[in-house]
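Right, one structure below, let's go through it.
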Amino acid sequence: MKKIHLVFAICIGSIIYGCNKTNQQTSIKINSPDSLIEISFLLNDTLSPIYKVTYKGKTIIDSSSLGFTLKDFPNLAKDFQIDSSSQKQIREVWKPVLGQYKYIKNHCNELAVYLSEKSNSKRKLYLYFRAFDEGVAFRYEIPKQAFADSINIISENTYFNLTGDHTAWWNEAHYDSYEIMYNTTPISAVRDLILNKQTKSEAAKELYMKNFGAHVGFNTPLTMRTQDSIYIAFHEANLTNYAEMTLALETGKPFNLRSELVPWPDGIKVKSKLPLVSPWRTIHISDNAASLPISYMEESLNPPSVIEDESYIQPIKYIGVWWGYHIGKYAWDPRGKRGIADGANAEVSKQKPHGASTTNCKKYIDFASKNNINYLLIEGWNPTNYTVDSVDNFLHSHPDFDLQEVVNYGKSKNVEIVIHNESMGQALNLERQADSAFARYKKFGISAMKIGWAWHLETKNFTRSWGNDSASVANYTGGKYFQHSQWAVMHYRKILETAAKYNQRVALHEYVKETGIRRTYPNLMALEGLRGNEYNPWDKGKGNLPEHVTIIPFTRQLAGPIDFTPGIFDLLFDKYKKPQRVNSTLAYQLALYVVFYSPMAMAADLPENYENHPAFQFIKDVPTNWDTTIVKHAAIGDYVSIARKYNNAWYVGAVTDENARNLSLNLDFLDNDKTYQMIQYADAPNTSWETNPTAYEILKSTVKKGDIVNLKLATGGGQAISIVPLP
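Take 62 as the starting number for the sequence shown in the numbering used here and just add one per residue.
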């Protein structure tokens, strides 16, 4: 039976404290519940809709315009009149199936503005603004009306006019990927940095500008800090049947951002019947960076769960054959074809053992069972072909792998299988097989899967610059669609809905970013959406520098749970691959289980690297779901520490960048009347991520509320702590 998630609400939308004909010359204002944030709306001299946002009396978003450019119709952008407006309070507390908190407070005030054109067509446009204590959100509605049954949007002209040259933590806008390093620069430095990074030659630069023109900008979430030390983060919520929004820098207006939607092949951004409701455009606002990683604004802007029986949606901790592919121990494809993770040609691949053989998977099951880890992820088990017409990707296995036998063996050891499907970009093929494949998995007793798309679905005539190369990527769907386009958004939603139909929990890779839809589909466990641990053995010895992780909680994590695949103990893996390595200390890897939120967390290293290793105890102990979360230290790009509670125990994770640090941790979050045993998995005195990354020490002590703990973090280091009440 479906769980009741709405714990307390003053019937959403029922408290209306303003509904009137509005003076056309007067701005309409709405405040956050704590009155610190104010949204103002008005029509300017051309009768175009304009909004402005202030925080504690300071302008955060200066007067910015709203509207659409349409195909076959005049722009929906000016010559409006305000027919009416209304305001209401939303006071709701809801319970997520899985999350960083047991209960979520959704308190905001909403302003609805109903516009119509003054011209004879009288076309209508509705705008909705919500003011939260943590930020603002707004969306469009183009209602059903006489001028058309459907529309094609050429551009959504939403502007975010900044007030200065803010410091930004960003990665560049990309229509197919988020797996890009973060930068820390002033806004004014972004354009030149992107063009210099993306192109080796003038010809490549010319191609980039031809394809993107003024669209030099950002993926979201995008986070900034003003000169007044106010933090702003841009994202979107409830991305449904619409194209993803990136943010473009306006040419000649260096501090103005505008929405830039990912296009269809014909250049149209959104194709829809009326009525059309856009995603919410969200802006987090705070003078404390610590508030960003724990916001639930995006999820609260999504509808409640539509899944009737949620009993199967339980947290997962798992191991897998995955890391063996990336470091070169295993072959992805026993046929000798180059696999997605092999990083080798076919002849080299033939010389490696197949990672997903029945025999090898049973060995992993034995290790998982011995260590009370109840899930094994199996990748590379099925023949994945590199053609659009392949039909057996998700229903048939390689000859050396018997899915039913492995599932049954796992059941005998209390270990469930997480099945992996890599589409190799064959999205249409995956859609065709989803029902039959997912039904088969359910019949076998599999209730969790990871799905990857891997190859980018670029258009045939659109060459996207990737890294330092400009080249078209494989056209596995006939070269029709970008991975973040409206078509792809609908495709991914269909896969998620089909998974829910067969009681499947899913982690998604190469997926359009999360926008809080996991409230509606809580079977969505985690997403990739960033440069995870796999880039360390790939990237010619460079990998992800320690600073990378100290930025992610304040950027990517606003978009929901992260499948980062932490827990690497053999940080150098010289036996298999040189000069690649993981750029962190061992304690740093442990801390990631707390710093990042994911209810589906992987112990990613090889079993032999965990065997009889004392630090593996923390991975076995740490939960993957939480009752409450507190960010204790927050300096974006420098360091972060987060404390999380499950039942009566607390866990703390702290990481730093390339600089060693001492952080003072106040245990003021503990209960007054309890004594706790604290176990610290810490960098040793001689630890360094560059020269001595695996050195660590385990410290045990008794603590109580208010004690101060010194967290000594080595260069590129971290600390993971369990704090459990004594009997």
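The beta carbon of each residue, even a glycine, is placed where N, CA and C say it ideally should be.
message: Among Lys163, Pro94, Arg152 and Lys179, whose alpha-carbon lies nearest the alpha-carbon of Thr107?
response: Lys179
Residues that Cys816 bridges to, as DSSP identifies them: This structure does not reach residue 816, given that the chain is present from 62 up to 788, and the question cannot be answered.
query: For Tyr596, which of helix, strand or coil comes out of DSSP?
result: helix
- prompt: Over what stretch of residues does the beta strand (DSSP E) that includes Ser320 continue unbroken?
  reply: Lys314 to Leu322
field: DSSP state of Pro786 mapped onto helix, strand, coil
entry: strand
message: So, with DSSP's three-state summary, where would you put His415?
response: strand
6 Å CB neighbourhood of His570 in its chain, flanking five on each side removed: Gly513 and Glu589
- prompt: Given that a residue counts as buried once 16 or more other Cβ atoms are within 10 Å of its Cβ, and exposed if not, what is Val251?
  reply: buried
field: Spatial neighbours of Gly698 in its chain, beta-carbon cut-off 7 Å, leaving aside the 5 residues before and after
entry: Trp230, Thr245, Glu608, Thr611, Ile612 and Asp718
3 or more residues per run - each beta strand (DSSP E) lying fully within the segment 472-516: 477-483 and 509-513
message: Would Phe134 and Ala209 qualify as a contact pair, given that the criterion is a beta-carbon distance under 8 Å?
response: yes
field: Opening and closing residue of the beta strand (DSSP E) in which Trp393 lies
entry: No beta strand (DSSP E) holds Trp393; DSSP gives it neither H nor E.
- request: Provide the residue span of the beta strand (DSSP E) that contains Ala587, from first to last.
  value: Leu585 to Leu588
message: Looking only at its chain, what residues have a beta carbon closer than 6 Å to the beta carbon of Ile215, apart from the 5 residues adjacent to it on each side?
response: Thr130 and Lys132
DSSP bridge partner residues for Asp744 (one or two, in chain order): Tyr757
query: In this structure, what does DSSP give as the bridge partners for Met306?
result: Leu322
message: Assuming contact is defined by CB atoms lying nearer than 8 Å, are Ile556 and Ala587 in contact in what I supplied?
response: no
- request: Could you tell me which of Tyr379, Gly778 and Asn673 sits nearest to Ala665, measuring between CA atoms?
  value: Tyr379
Ala715, enclosing alpha helix (DSSP H) - first and last residue: Premise fails: Ala715 lies in the beta strand (DSSP E), Ala710 to Thr717, not in any alpha helix (DSSP H).
- prompt: Cα separation between Leu97 and Lys119?
  reply: 10 Å
message: Determine whether the beta carbon atoms of Asp682 and Ser749 lie at a separation below 8 Å.
response: no
- request: For Asn522, I'd like the list of residues in its chain whose CB is within less than 6 Å of its CB, leaving aside the five on either flank, ordered along the chain.
  value: With a pLDDT of only 36 at Asn522, under 50, the local geometry of the prediction cannot be trusted, and the value read off the model is given with reservation. Nothing meets the Cβ criterion.
query: Rounded to a whole number of angstroms, what is the C-alpha to C-alpha distance between Ala392 and Pro598?
result: 15 Å
- prompt: In terms of residues, what are the limits of the alpha helix (DSSP H) holding Ile613?
  reply: No alpha helix (DSSP H) holds Ile613; DSSP gives it neither H nor E.
- request: Answer with buried or exposed for Asn257, where buried requires no fewer than 16 other C-beta atoms within 10 angstroms of its C-beta.
  value: exposed
- prompt: If you follow the beta strand (DSSP E) that Tyr671 is part of, which residue opens it and which one closes it?
  reply: Segment Pro668 to Tyr671 is the alpha helix (DSSP H) holding Tyr671; no beta strand (DSSP E) there.
- request: Determine the direct distance from the alpha carbon of Thr284 to that of Phe615, and round the result to whole angstroms.
  value: 7 Å
task: Alpha carbon to alpha carbon, how far is Pro364 from Thr581? Give it in angstroms, no decimals.
output: 6 Å
query: What are the residues that DSSP puts in a beta bridge with Asp123?
result: Asn222
query: Met242 lies in the alpha helix (DSSP H); which residues open and close that run?
result: From DSSP, Met242 is part of no alpha helix (DSSP H); its letter is neither H nor E.
message: From the DSSP secondary-structure annotation, give me the bridge partner or partners of Met661.
response: Ile377
task: Whole angstroms is fine: what's the gap from Ser484's alpha carbon to Lys773's?
output: 44 Å
Where the alpha helix (DSSP H) containing Tyr654 begins and where it ends: Leu647 to Val656
- request: Return the CA-CA distance between Gly160 and Asp140, expressed in angstroms with no decimal places.
  value: 45 Å
message: Just to confirm the assignment, what range does the beta strand (DSSP E) spanning Lys90 have?
response: Ile89 to Asn92
query: By a C-beta neighbour count over all protein chains shown, 10 Å radius and 16 as the cutoff for buried, is Ile769 buried or exposed?
result: exposed
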